[in-house]
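Notes follow once the structure below has been shown.
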Amino acid sequence: LGRYSYEWVDMNHNFPDLNNIMWDAKENDTETVKTANHYIPIPEYYTKEDAFVTPETRAVISWMQDIPFVLSANLHGGELVVTYPFDCTRDWAPQENTPTADDSFFRWLAMVYASTNLVMANPDRRICHSEDFQQHNNIINGGAWHTVPGSMNDFSYMHTNCFEVTVELSCDKFPHASELPTEWENNKESLLVYMEQVHRGIKGVVRDKMTKKGIADAIVKVEDLDHDIRSAADGDYWRLLNPGEYKVTVWAEGYFPSMRRCSVGTEARPTICDFILIKTPRQRMNEILAKGGRLPQDLQLKLRAMRLRKLRVSTKAINQRRERSRKARGTRSARAPRPLTPLA
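Under UniProt numbering, read the sequence shown as residues 1 to 344, first letter to last.
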């Protein structure tokens, strides 16, 4: 029943625990080596055939990897509250607020749904069980409610570009079919307004300057937000953001990074921020040589200039070492004691 599979596995908590993989790795970060903050790979043990993973979970993961979803929600029953990541606490505490880098936007998403839900927004509604979520405006961080490793919310955020919340939309865990029309009316506006939030933030296309083609898997980094996203197969990207001014840097393998400032307004429509990336000379050279072609004249000149600069630097260094060595020998000779003259 509910979220349990035929094998009686809780599919809502059947996703790989990427939280602790990232947190453990970050403890070993240095100034020069940083752990990725997005697209955390699925651990090998989880992909094995005998892993405790349902076919339904594998299918959902494959679906999420194939389609570049941006915003989603999963609907539950049994409470009246909207929860947002992280669902898993960092030190396995039973309850602890565990925010993501995008905590303010997740809070906005949760508030948008809760404030437009006919039942949640009713100040006179009854408490479902023992917890009064109205004191939190009917939203709560997942970890602050109860820690859950392997949730779909956390997996979506850490393995894809998708932002996801959980909506507990009814006190009744399993409402009768006759109650579904009422549930639809209670949640219809919330669902529509929530979906509109996909247009809040920035979007654009990352292109190659020479070919004008989109660049897949370009990394889009927003300053002061420790969570990057990646461009889709055609180079297009979507980054959910609250209103404000942002410094955005995009880079891809074999290209110079590009930075621009993007402004997000209060209206629910995205700001277009396109990026043009220039290939590095080394990347161009490697691609041409891989195809068995000759280097164009501009690259040949650049390569020749680089070699000359390298030769001048190394020659200068050699001459400096020789000069220091010569002076050192001269100093030792000047300071050497005169030979003794034997007495008659």
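We treat Cβ as the ideally placed atom computed from N, Cα and C, and that holds for glycine.
Keep in mind the model is a prediction, meaning the values are calculated, not measured.
- Distance from the CA atom of residue 233 to the CA atom of residue 218, rounded to whole angstroms, is 10 Å.
- Contact between residue 165 and residue 109 is confirmed by a C-beta separation of about 6 Å, below the 8 Å threshold.
- Counting the other CB atoms within 10 Å of its CB gives residue 201 a total of 16 or more, which places it among the buried residues.
- Distance from residue 273 to residue 204 at the Cβ level is roughly 5 Å; contact confirmed, criterion being Cβ atoms closer than 8 Å.
- Rounded to whole angstroms, residue 198 and residue 243 show a C-alpha spacing of 13 Å.
- For the pair residue 318 and residue 69, the Cα-to-Cα distance works out to about 58 Å.
- Residue burial is scored here from C-beta neighbours: residue 210 has fewer than 16 other C-beta atoms within 10 angstroms and is therefore classed as exposed.
- Secondary structure at residue 170: strand, using DSSP grouped into helix, strand and coil.
- For residue 191, the secondary structure class from DSSP, reduced to helix, strand or coil, is helix.
- A check of alpha carbon separations from residue 22 across 260, 13, 42 and 193 identifies 42 as the nearest.
- Sequence-distant partners of residue 226 (beyond 5 residues in either direction) whose C-beta falls short of 8 Å from its own C-beta, in its chain, are 37 and 101.
- Per the C-alpha coordinates, the member of 247, 117, 124 and 221 positioned closest to residue 189 is 117.
- The straight-line gap separating the alpha-carbon atoms of residue 262 and residue 278 is approximately 20 Å.
- Going by DSSP, residue 141 is part of the beta strand (DSSP E) stretching over 139-141.
- Taking the C-beta atoms as reference points, residue 105 is found nearer than 9 Å to residue 240.
- Taken through DSSP and simplified to helix, strand or coil, residue 221 comes out as strand.
- Annotated three-state conformation of residue 258 is strand, per DSSP.
- Of the other Cβ atoms in all chains shown, 16 or more fall within 10 Å of the Cβ of residue 112; this residue is therefore buried.
- Excluding five sequence positions before and after residue 146, the CB atoms of its chain that fall closer than 8 Å to its own CB belong to 94 and 95, given in chain order.
- Under the DSSP assignment, residue 246 falls in the beta strand (DSSP E) whose first and last residues are 244-251.
- Per the coordinates, the alpha-carbon of residue 123 lies some 15 Å from the alpha-carbon of residue 170.
- Across the structure, residue 306 and residue 323 are spaced so that their CA atoms are roughly 26 Å apart.
- Assigned with DSSP and collapsed to three states, residue 301 falls in helix.
- For residue 198, no beta strand (DSSP E) segment is defined, and its DSSP state is neither H nor E.
- The secondary-structure analysis by DSSP pairs residue 34 with nothing; it has no beta-bridge partner.
- Around residue 14, the same chain offers 53, 54, 57 and 150 as residues with beta carbons nearer than 7 Å, after the five sequence neighbours per side are excluded.
- Its Cα nearest to that of residue 222, the residue 260 stands out among 131, 260 and 83.
- Among the bridge pairs identified by DSSP, residue 237 is matched with 204.
- Taking C-alpha positions only, residue 308 is separated from residue 228 by approximately 39 Å.
- Counting the other Cβ atoms within 10 Å of the Cβ of residue 292 gives fewer than 16, which makes it exposed.
- When DSSP reads this structure, residue 10 sits in a beta bridge with 4.
- Short of 7 Å from the beta carbon of residue 29, and not among the five residues preceding or following it, lie these beta carbons of its own chain, in chain order: 35.
- Counting along the chain, residue 73 sits inside the beta strand (DSSP E) bounded by residues 71-76.
- Taking all protein chains shown into account, residue 45 has fewer than 16 neighbouring C-beta atoms within 10 Å of its C-beta and is therefore exposed.
- Per the coordinates, the alpha-carbon of residue 159 lies some 46 Å from the alpha-carbon of residue 314.
- Per DSSP, residue 60 lies in no beta strand (DSSP E) segment; the continuous alpha helix (DSSP H) that holds it begins and ends at 55-66.
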